[in-house]
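Here's the structure we're looking at; comments come further down.
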Amino acid sequence: MAILRPRRGARHRSSPVLPGHPPCRPAAPPLARLGTCDDAGFAPFADDTVTSQDVAFAKIAARVQGTALAAEALGA
Numbered sequence: 001m002a003i004l005r006p007r008r009g010a011r012h013r014s015s016p017v018l019p020g021h022p023p024c025r026p027a028a029p030p031l032a033r034l035g036t037c038d039d040a041g042f043a044p045f046a047d048d049t050v051t052s053q054d055v056a057f058a059k060i061a062a063r064v065q066g067t068a069l070a071a072e073a074l075g076a
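The sequence shown: position 68 = 68 (our numbering), numbered continuously.
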């Protein structure tokens, strides 16, 4: 009996990839459950002295623009 292993470079799966069968893929979540988050690589605290206000606002603006692009692409 052969040992089933994930394909090289594949992400962790809860079940092995069987030869001759496509890998299992989870169903896409409903559009209403999708969203963006503010993890843009800067601390959202007033005492953050590393990131300038201009950079922080530019990152927020990029997030808003990216959200609009994704919504358009998804037809939301």
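Ideal placement from N, C-alpha and C gives every residue a C-beta, glycine not left out.
Keep in mind that this is a model prediction, so the values were computed, not measured.
ask   = Counting along the chain, where does the alpha helix (DSSP H) carrying residue 67 start and finish?
value = 53-74
ask   = What's the C-alpha gap between residue 54 and residue 76?
value = 30 Å
request  = Go ahead and pull the three-state DSSP assignment for residue 28.
outcome  = coil
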